[in-house]
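Residue numbers (this note's numbering): 24 to 628.
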């Protein structure tokens, strides 16, 4: 045989090779052993066992269909090297059946599995002589539809449908076969066009097959319909007034096709954001500054059915202090949104954002109107074009503003009002955010406090040198420092402020905060300070420690967090000796005493 210009045997004329002839005979024997009804009965038995398991499990849905065996006819076709499944069944009555008598007519048995147009070569084997008119033009047409070769395409799984509005009852000109007999109301519809195949896997070219579809659960309220397109394909439809996930089937001659039953998801095509629900439970659990917080949004259509938004729909959020909303209720329309990402999980949208402000705040959620989305897309395209044409060096432009404390958020509230923002129901929500782990980069110590007439005041003379200050570059000898206000016997106080990476105050009760003083007398003058947490008049959390100066000279105060210096550490300070009687020098007394001592030395000399 040959198909087109391609020879499917070694010789068109002459005797076939023995192995090719033997292969054709084997195909014929195997094909005669196949029985279509028996194969259907086995498939029917497997489906009955599956339905029995479903009934015994209380109607639990099968998450994935069981593995279905290939049709035996397809396996036979795949075993043919030529790819057409040619089988030869011999000649009847043939040479042996004629018993040496001349027979006018002989019946030749052959079979072809692959549909198409062929040239059939017929020749006498012994004489290697072709029959008159050989080769013959042969057309092999597909057979009837078969359930074990007809399948639901993998690309269409799971089946999906969206909300549509049926044609009104009075508009007869727009009514078609799909909407005929249905109510004039919104419904969720899923359509699928399936190609029927015969038992060898050939695409059917005519209709008439017994194709049915429906829902596995007949009580779920899903209607279905099959439309024969009379070209081997069938249009299948499922519709329901309620969205959700269903398990549907497609059958041919009462048997499931490949990949049936299948999961079908009916959703709304356009969510109604006025019916969106925000999971307040996740907000009540609180958050931690610097750590990812997640919130679930349940979007519904105007019927209350779950509806996932399209990829162009974006959600935003912002954290504002309650006072800013009291002064300006539209402050959330002016503030810069927090960077957040969104992901569809089932019928919900999960928003992920990183809180930056610790304390009690108001969390606003919104999306953009349709016109606002179009303006945002145009603005993004314009910004991308401007950035590509900008020749400034990398990093020269300021990064996107993201408020990280209450003062910056209040400045953000002074921006123009964005009326394209559509707030979600229930917004704003109360959110309590805990500060993040302490950071040595954002923590700081500003100086040393001294008790002056019963009140603690910062020591501002040149004897105190804070790391990073202008005085730190000026090194003075001990003799040059004579105007120090710190004396032996004084008690000083240090109050470092511990913050996280977003400058939120961290109330430390324990941890790796170490405050130590080193003197110039060696290890015997070193001392580790014990600190206590406290709150000042402004409500700022501090770590308070006191130190009594016992030695004169230079001292170094080290404040480390996780073995790293905080901002402003180390601090150097100089202490002068007290009066010989142990009392403090009053302002000007030490200078006067030093002059008198020098004058006495000169007089004696």
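Just so you know, even glycine gets a beta-carbon here, dropped at the ideal spot from N, CA and C.
Report task. Leaving aside the five residues before and after residue 318 along the sequence, list all residues of the same chain whose C-beta is less than 7 Å from its C-beta, in chain order. Result -> Non-local beta-carbon contacts of residue 318 in its own chain, meaning distances under 7 Å to residues more than five positions away in sequence, involve 301, 302, 305, 306, 374 in chain order.
Query raised in the report: According to DSSP, which residues form a beta bridge with residue 334?
Result: None, per the DSSP bridge assignment.
Report task. Please say whether residue 509 and residue 388 have beta carbons closer to each other than 8 Å? Result -> Between residue 388 and residue 509, the C-beta gap is not smaller than 8 Å, which leaves the two residues out of contact.
Report task. To the nearest angstrom, report how far apart residue 213 and residue 397 are at their CA atoms. Result -> So the alpha carbons of these two residues sit roughly 29 Å apart.
Report task. Would you kindly report the start and end of the unbroken beta strand (DSSP E) that includes residue 584? Result -> Residues 576-584.
Query raised in the report: Any idea what DSSP makes of residue 602, helix, strand or coil?
Result: It is coil, neither helix nor strand.
Query raised in the report: How is residue 395 classed by DSSP in three states: helix, strand or coil?
Result: Here residue 395 sits in helix by DSSP.
**Report entry** Inter-stretch contact at 8 Å, needing at least 3 Cβ pairs: the segment 250-258 / the segment 141-152
**Finding:** Note that the segment 250-258 does not touch the segment 141-152; fewer than 3 beta-carbon pairs, one per stretch, sit closer than 8 Å.
Requested in this report: Confirm, please, whether the CB-CB distance from residue 572 to residue 523 is below 8 Å.
Outcome: The answer is no: Cβ separation not under 8 Å.
Query raised in the report: Between the Cα of residue 259 and the Cα atoms of 246, 269, 266, which residue gives the shortest distance?
Result: Closest by alpha carbon: 246.
Report task. Between the Cα of residue 321 and those of 280, 287, 365, spot the shortest distance and give me the residue it belongs to. Result -> Comparing Cα-Cα distances from residue 321 to each of 280, 287, 365, the minimum goes to 365.
Requested in this report: Just the C-alpha distance for residue 477 and residue 446, rounded to the nearest angstrom, thanks.
Outcome: Separation of residue 477 and residue 446 (C-alpha to C-alpha, rounded to the nearest whole angstrom) is 54 Å.
Query raised in the report: alpha helix (DSSP H) containing residue 117: first to last residue?
Result: Segment 117-120, the alpha helix (DSSP H) holding residue 117.
Query - DSSP state of residue 218 mapped onto helix, strand, coil - result: In the structure shown, residue 218 sits in a strand (DSSP, three-state: E or B).
Report task. Can you have a look at residue 440 and say buried or exposed, based on whether 16 or more other CB atoms are within 10 angstroms of its CB? Result -> Exposed, by the Cβ-count rule.
Query raised in the report: When burial is assigned at 16 or more other CB atoms within 10 Å of the CB, is residue 40 buried or exposed?
Result: The residue in question, residue 40, is exposed, as its Cβ has fewer than 16 Cβ neighbours within 10 Å.
Query raised in the report: Between residue 294 and residue 460, what straight-line distance do the alpha-carbon atoms span, to the nearest angstrom?
Result: Cα to Cα, the separation comes out at about 40 Å.
Report task. Return the first residue and the last residue of the alpha helix (DSSP H) that residue 55 is part of. Result -> From DSSP, the alpha helix (DSSP H) with residue 55 extends over 41-56.
Query raised in the report: Looking at residue 361 and residue 376, is the spacing between their C-beta atoms short of 8 Å?
Result: Their beta carbons are under 8 Å apart, which means residue 376 touches residue 361 by this criterion.
Requested in this report: Note the first and the last residue of the continuous alpha helix (DSSP H) segment covering residue 366.
Outcome: That residue, residue 366, is in no alpha helix (DSSP H); its beta strand (DSSP E) goes 363-368.
Query raised in the report: Once you ignore the five residues that flank residue 257 on each side, which residues in its own chain have a CB closer than 8 Å to its CB?
Result: If we look at residue 257 and ignore the five residues flanking it on each side, its Cβ neighbours are 216, 217, 219, 230, 232, 234, 249, 250, 251.
Query - Straight-line Cα distance separating residue 102 from residue 238 - result: Taking the straight line joining both Cα atoms gives about 37 Å.
Report task. Measure from the alpha carbon of residue 160 to the alpha carbon of each residue in 173, 142, 168, then state which is nearest. Result -> The shortest C-alpha to C-alpha distance from residue 160 to any of 173, 142, 168 is the one to 142.
Query raised in the report: Apart from the five residues on each side of it in sequence, which residues of its chain come closer than 7 Å, Cβ to Cβ, to residue 165?
Result: Excluding positions up to five away in sequence, the list reads 138, 221, 225, 226, 227, 228.
Requested in this report: State yes or no: is the C-beta of residue 210 within less than 8 Å of the C-beta of residue 171?
Outcome: No, these two residues do not count as a Cβ contact at 8 Å.
Query raised in the report: Buried or exposed: where does residue 119 fall if 16 or more other Cβ atoms within 10 Å of its Cβ makes it buried?
Result: With fewer than 16 other Cβ atoms within 10 Å, it is exposed.
Query raised in the report: With distances taken from CA atoms, which of 372, 600, 458, 621 is nearest residue 334?
Result: Closest option to residue 334, Cα to Cα, is 372.
Report task. Kindly identify the DSSP beta-bridge partner or partners of residue 557. Result -> Beta-bridge annotation (DSSP): residue 557 is paired with 565.
Query raised in the report: If you drop the 5 nearest sequence neighbours on each side, which residues of the same chain put their C-beta closer than 6 Å to that of residue 600?
Result: Result list for residue 600: 511, 575, in chain order.
Query - Through-space distance from residue 528 to residue 462, alpha-carbon basis - result: Each residue's alpha carbon lies about 10 Å from the other.
Query raised in the report: Helix or strand or just coil, what does DSSP make of residue 172?
Result: Residue 172: coil per DSSP, three-state reduction.
Query raised in the report: What are the start and end residues of the alpha helix (DSSP H) that includes residue 349?
Result: Note, residue 349: alpha helix (DSSP H), 345-350.
Requested in this report: Run the CB neighbour count on residue 479, radius 10 Å, all protein chains shown included, and call it buried at 16 or more, exposed below.
Outcome: Residue environment analysis places residue 479 among the exposed positions, since fewer than 16 neighbouring C-beta atoms fall within 10 angstroms of its C-beta.
Query - residue 496 versus residue 344 - alpha carbon distance - result: Residue placement at residue 496 is poorly supported in this model, since its pLDDT is 41, which falls under 50; the coordinates are not used for a value here.
Query raised in the report: residue 101 lies in the alpha helix (DSSP H); which residues open and close that run?
Result: Segment 95-101, the alpha helix (DSSP H) holding residue 101.
**Report entry** Terminal residues of the alpha helix (DSSP H) in which residue 303 lies
**Finding:** For residue 303, the uninterrupted alpha helix (DSSP H) segment begins and ends at 303-307.
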